[in-house]
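First comes the structure, then the notes that go with it.
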Amino acid sequence: MQLVRYADTELQTRGINHRVGTFRYKDLGEGVPGTPGNFFLRLVWSQTDFFSPRHLHNFDQVRVQIQGEFDFATDGVMKPGAVAYFPEGTPYGPQTSQDETIQLVLQIGGPSGAGYMSEAQRVAAVDALAKVGRFSEGRYFAPGDTGSTGMDSLQAAWEYAQGRKMVYPPQRFQKPVLMNPEALAWQAGCRGIERRQVWDFGSQTVAVAQYRLAAAATLELEGPLSCFVEQGAGQVQAGGATGQHKTFEPFDVVHLKEGETVTLTPQEPAKLLVFAHPVFETSP
C-alpha cells in the first residue's frame, strides 16, 4: 500500500509547458515506468489562459472536474462533479477554460499495451526539444519548420523519449465519454456502504466507481487500484489486522498493487472515488 498525502505534497508550477497557459499541480502517485499498466495521477490547477488543441493519445485518460468548467468543444463541457473517459486512439478537443479550474487527471496504459510514458521522460523530452525547436499553441515545430502545422507536442515528446514514431491505437470510441455521476443511483451494499459504478469497459481498461461510507463503516478494497478521497477522514489499514495503520484525509490517495488489500474506516461520512487499474496478461 502507498498512501500519498495531499497536505504533504508540494504545489508546483510547470516550467516549459507543452500546452498553453499557467499550469500548477500536485503529483499524487505513479506506477512502474516501462510497464503496460504504468500510470500517473495529478491534481491540476489551470487558469483562463489554458488551451490544448484537438489531439489524441496512445494511453487512456480519466478527468474529474472538481472546480470550474472545461470546454471540449463538440465533445462537451465538464462541470464540477463530472467524470470523463478519454480513450486511447480517440481525438478530443480543443480544450479551453473561462474559469479557474481544478481537475484530477489520471493517465494510464490502455488496452493496446502501449503503456504510459513516465513523467520524468516527458519532462526531459520537452526540455530537450525546447532547446532546438519551439512549442506553440500546443504543438511542436522542429528547427526550420515554418511551413507546416507542426506535431502535437505530447506526440513529439513521446517520439523523442522512445526514439521511434508513434503509432496510435485503433479508435474504439467515436468520442470521449463525459459522465454526470450524480444522475446515477447509489446501490446499497454492506452496512453503511453505498456504491455506484460510473463505468467499466473491461479488464484492460480503467474502471471508475464511487463509494459513500457512513462513519465507522468498513470498506475492503483489493488492487490494482487508486482510491481518491473526495471527502471525509478516517483510518486505512493494509493487509488485514496486523497490517500498517495510517490515517486519511480529503484529497489523499491510496494506491494498491495487484493482490494488495486495505480496509478503510471513516470517522465521519466519507466519499471515495476508486480507479480500478487495467490488468494485463503476462507471458508464462
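Residues in the sequence shown are numbered from 1 upward in steps of one, following UniProt numbering.
We put the beta carbon where it would ideally sit given N, CA and C, even for glycine.
Owing to the predicted nature of the structure, the values given are computational and were not obtained by experimental measurement.
Where the alpha helix (DSSP H) containing residue i begins and where it ends
{"i": "Y160", "result": "S153 to Q162"}
{"i": "D127", "result": "E119 to V132"}
Any non-hydrogen atom of the ligand SAM closer than 6 angstroms to residue i Cβ
{"i": "E69", "result": "With respect to the ligand SAM, the structure shown offers nothing to examine, as it has no ligands at all."}
Own chain partners of residue i with C-beta closer than 7 angstroms, once the 5 adjacent residues on each side are dropped
{"i": "V262", "result": "M1, L221, V236, Q237, A238, V254 and L256"}
{"i": "L129", "result": "Y140, A156, A157 and Y160"}
{"i": "M179", "result": "A82, V83, A84, V198 and W199"}
{"i": "F275", "result": "V62, L106, V206, V208, L225 and S226"}
{"i": "E281", "result": "none"}
{"i": "Q187", "result": "E194, R195 and R196"}
{"i": "F173", "result": "P87 and T90"}
{"i": "R5", "result": "D252"}
{"i": "R212", "result": "W186, E194 and K271"}
Cross-strand partners of residue i (DSSP beta bridge)
{"i": "L219", "result": "L264"}
{"i": "C190", "result": "C190 is not bridged to any residue."}
{"i": "Q210", "result": "R196 and L273"}
{"i": "V254", "result": "L3 and C227"}
{"i": "T96", "result": "F51 and D71"}
{"i": "M166", "result": "None, per the DSSP bridge assignment."}
{"i": "V279", "result": "DSSP output for V279 lists no bridge partner at all."}
Nonlocal neighbours in the same chain, by C-beta distance under 8 angstroms from residue i, ignoring five residues either side
{"i": "P284", "result": "At P284, the pLDDT of 39 sits below 50, so the modelled position is not reliable; the number obtained from the coordinates is stated separately. For P284, where only same-chain residues beyond five positions count, there are no Cβ hits under 8 angstroms."}
{"i": "E69", "result": "V77, M78, K79, P80, S97, Q98, D99 and T101"}
{"i": "Q12", "result": "R24, Y25, K26 and D27"}
{"i": "L184", "result": "R196, Q197 and V198"}
{"i": "T9", "result": "K26, D27 and L28"}
{"i": "V167", "result": "N58"}
Anticipated Cβ contact below 8 angstroms, residue i with residue j, distance rounded
{"i": "E88", "j": "P169", "result": "5 angstroms"}
{"i": "G29", "j": "S226", "result": "6 angstroms"}
{"i": "R191", "j": "A217", "result": "7 angstroms"}
{"i": "L3", "j": "F248", "result": "7 angstroms"}
{"i": "G115", "j": "T35", "result": "6 angstroms"}
{"i": "P176", "j": "D71", "result": "Actually they are not in contact, since the Cβ atoms of P176 and D71 sit about 13 angstroms apart, beyond 8 angstroms."}
{"i": "E258", "j": "G223", "result": "5 angstroms"}
Residue i: first and last residue of the uninterrupted beta strand (DSSP E) it sits in
{"i": "V274", "result": "A270 to A276"}
{"i": "A84", "result": "V83 to F86"}
{"i": "L5", "result": "It should be noted that the sequence gives Arg, not Leu, for residue 5. Careful: R5 lies outside any beta strand (DSSP E) and carries neither H nor E."}
{"i": "L104", "result": "T101 to I108"}
{"i": "L41", "result": "F39 to S46"}
{"i": "M179", "result": "V177 to M179"}
{"i": "R63", "result": "D60 to Q67"}
{"i": "G29", "result": "F23 to E30"}
{"i": "K246", "result": "H245 to F248"}
{"i": "F141", "result": "R139 to F141"}
{"i": "Q115", "result": "Position check: residue 115 holds Gly in this sequence, whereas Gln was assumed. Note, G115: premise wrong, no beta strand (DSSP E); not H, not E."}
{"i": "Q237", "result": "G234 to A238"}
Residues of its chain near residue i, where Cβ-Cβ distance is below 6 angstroms and the 5 sequence neighbours each way are ignored
{"i": "Q61", "result": "F86 and Q107"}
{"i": "G189", "result": "R195"}
{"i": "S118", "result": "P33"}
{"i": "P94", "result": "P53, R54 and A73"}
{"i": "L264", "result": "L219 and V236"}
Can you confirm whether the region 60–72 touches the region 131–148 when touching is taken to mean that 3 or more C-beta pairs between the two stretches lie within less than 8 angstroms?
no
Three Cβ pairs or more, each shorter than 8 angstroms: is that satisfied between the region 44–53 and the region 113–128?
no
At least three beta-carbon pairs within less than 8 angstroms, the region 227–236 to the region 268–276:
yes
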